[in-house]
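Going by the working numbering, the sequence shown opens with residue 106, and the numbers climb by one from there. Built from N, CA and C at the ideal position, the CB exists for glycine as well. Remember, it's a predicted structure, so these values are computed and weren't measured experimentally. Taking it in order: structure first as structure tokens, then the write-up.
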Amino acid sequence: MNAGRVRRVAATGTAALALAVLAAALAGPTMGLFSGTRPASLGFAGGRFADGGWRPNWVSSTAPREDATHHVAPIAFQGDPARAWAALEAAVASMPRATVVTRTPSYLHAEFASRAMGFVDDTEFALVAASGVIHVKSAARLGVRDFSVNRDRVEAIRAALSRHGT
């Protein structure tokens, strides 16, 4: 094969790959290509959320404090637990691309989809009224890194509750 033909074949292959990547990026969110599977380990039991493993794409208030990668403080509140819980539900519902999946008087599971690619994160909250805290875990379903999206989400919710006086 001559050099010109090799270059044309390589260029065609590169163009086809670029089109496939573009098609996946455009169609992926609509088709759920990047949503992953809802984890079976969701829930709050024994005062803890399930461990998220070694990947640095999750944070939890029940992770050990010395685990700086994964630990985030619980959301503290003062006053009426029901009022704090209602404020939390309102804050989550007002966030873009949030879908509440499970809601009980003391547990909330919401899914957050990213704007561009439709990656889904699972965020869980557990009300511990006697301690005056709402425990939280937010975790990416796919990938290794989340570029601090989950930590930033928790802090945005904490700030929203603070503005609400909770």
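Bounding residues of the alpha helix (DSSP H) (the contiguous stretch that carries residue i)
i	result
E194	P186 to A198
L266	V254 to R268
C-beta atoms of residue i and residue j nearer than 8 Å
i	j	result
R246	V259	no
V241	N162	no
S211	L232	yes
H175	A181	no
Collapsed DSSP secondary structure at residue i in the structure displayed
i	result
S165	strand
S219	coil
R143	coil
S243	strand
A278	Absent from the model: residue 278. The displayed extent of the chain is 106 to 271, so no value can be given.
Segment limits, beta strand (DSSP E) that includes residue i
i	result
L232	V225 to V233
R250	Where R250 is concerned, there is no enclosing beta strand (DSSP E), given that its DSSP letter is neither H nor E.
V205	A203 to R208
Contact belief for residue i with residue j at Cβ below 8 Å, rounded distance in angstroms
i	j	result
D227	L147	6 Å
L213	V205	7 Å
Identity of the residues DSSP links to residue i by a beta bridge
i	result
F149	F154
H175	Partner(s): none; H175 has no beta bridge.
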